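Input: a single structure, listed below in structure tokens.
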Amino acid sequence: MTNAAPDRVLWVTGGGSGMGAAAARAAAASGWTVVLSGRRVDRLDGVADEIRQAGGSADVLPLDAADREAVVAAAATLTARHGRLDGLVLAAGLNAPERRWDDQSVDGFRAIVDTNLTAVVSVVDAALPALRASGAGVVVVVSSYAGWSFQPGAGVAYSASKTALGSVVRSLNQQEAPHGLRGTHLCPGDVATDFLDQRPQVPDAAARAVMLTPEDIGRTIGFVLDAPAHVRVDELVISPVAQH
626 MTNAAPDRVL WVTGGGSGMG AAAARAAAAS GWTVVLSGRR VDRLDGVADE
676 IRQAGGSADV LPLDAADREA VVAAAATLTA RHGRLDGLVL AAGLNAPERR
726 WDDQSVDGFR AIVDTNLTAV VSVVDAALPA LRASGAGVVV VVSSYAGWSF
776 QPGAGVAYSA SKTALGSVVR SLNQQEAPHG LRGTHLCPGD VATDFLDQRP
826 QVPDAAARAV MLTPEDIGRT IGFVLDAPAH VRVDELVISP VAQH
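Okay, here's the thing in structure tokens:
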């Protein structure tokens, strides 16, 4: 039995594509009302339309999660529209081809950390009052295999930001457990999404064919979201059998 009810509300950042969109579709199929955020409104609208056509409930809330004032305003808008917030999936991410000490820039480093780490903290902070009020809030932070095990090719900024998310989730679990809040540090290996286009050497179709799919991650996130309220999945690593 899951703990998803028809009136439970989930906020997904990075919800317009890839793992965020897959998580939204899986959650909606399980009865969650899904609120999709991201910068590309057309992509958000497309995912929302898919969910509605499949019989689910979806709302669109455009957002640049790196903009603190916009995040606070979005959280207020969400609770005003829906009256509650029970779950949060943070799936927005950034990397760059220039990711080594010998080619990265400090500005590039800052942009990656702002998206992968600071924006996550910002959204969680803005959502906390509503998640506490839920009494059984669940937060899934989509990190990376590089946040669990050092991966030389992931890059200086990406590795640092994703590793830090583990500490963010652990502190959230330790401090917010009295409010029934549960956080998961989700660490996927290679997933065949457009995010791969940010690599110095972009994987070809054959390489992508043996990677995880966004739907694999969506089902995994759905499992975490629908776990009973007394169950917490602190950290979850999922990877393809084929390793490159």
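Position one of the sequence shown corresponds to residue 626 (this note's numbering), numbered consecutively onward. Backbone N, C-alpha and C define an ideal beta-carbon position, used for all residues, glycine too. Bear in mind that the values here come from a model prediction, so they are computed numbers and not experimental data.
With a 10 Å radius around its C-beta and 16 neighbouring C-beta atoms as the bar for buried, classify residue i as buried or exposed.
i	result
residue 726	exposed
residue 629	Legend: pLDDT at residue 629 = 47, less than 50; position of this residue unreliable, value from coordinates given subsequently. Looking at its Cβ environment, which holds 16 or more other Cβ atoms inside 10 Å, residue 629 is buried.
residue 711	buried
residue 730	exposed
residue 829	exposed
residue 815	buried
residue 707	buried
residue 792	exposed
residue 650	buried
Of all the options the options, which has the alpha carbon lying nearest to the alpha carbon of residue i?
i	options	result
residue 805	846, 756, 651, 722	756
residue 779	740, 831, 719	719
residue 666	688, 655, 657	688
residue 818	837, 825, 802	837
residue 662	708, 713, 679	713
residue 684	691, 694, 692, 699	699
residue 773	645, 859, 753	859
residue 716	826, 746, 638	638
residue 942	760, 761, 788, 759	Since the first and last residues shown for the chain are 626 and 869, residue 942 lies out of range.
residue 866	825, 857, 832	832
residue 704	844, 751, 655	751
residue 664	682, 658, 692	692
residue 709	636, 796, 812	636
residue 745	644, 786, 681	786
residue 841	640, 648, 641	648
Pull the bridge partners of residue i from the DSSP assignment, please.
i	result
residue 813	863
residue 638	662, 715
residue 682	658
residue 766	715, 810
residue 837	816
Is it the case that the CB of residue i approaches a heavy atom of the ligand NAP more closely than 7 Å?
i	result
residue 647	As for the ligand NAP, it is missing from this structure, which has no ligand bound.
Exercise. Looking at C-beta atoms only, is the number of pairs between the stretch 835-853 and the stretch 675-691 that lie closer than 8 Å three or more?
Worked result: Output reads no: the stretch 675-691 does not touch the stretch 835-853.
Problem set entry | Minimum length 4: unbroken alpha helix (DSSP H) runs contained in the stretch 726-780 | With a minimum length of 4 residues, the unbroken runs of alpha helix (DSSP H) contained wholly in the stretch 726-780 fall at 731-738, 744-759.
Problem set entry | At least three beta-carbon pairs within less than 8 Å, the stretch 795-814 to the stretch 760-767 | Counting Cβ pairs under 8 Å, three or more are found: they touch.
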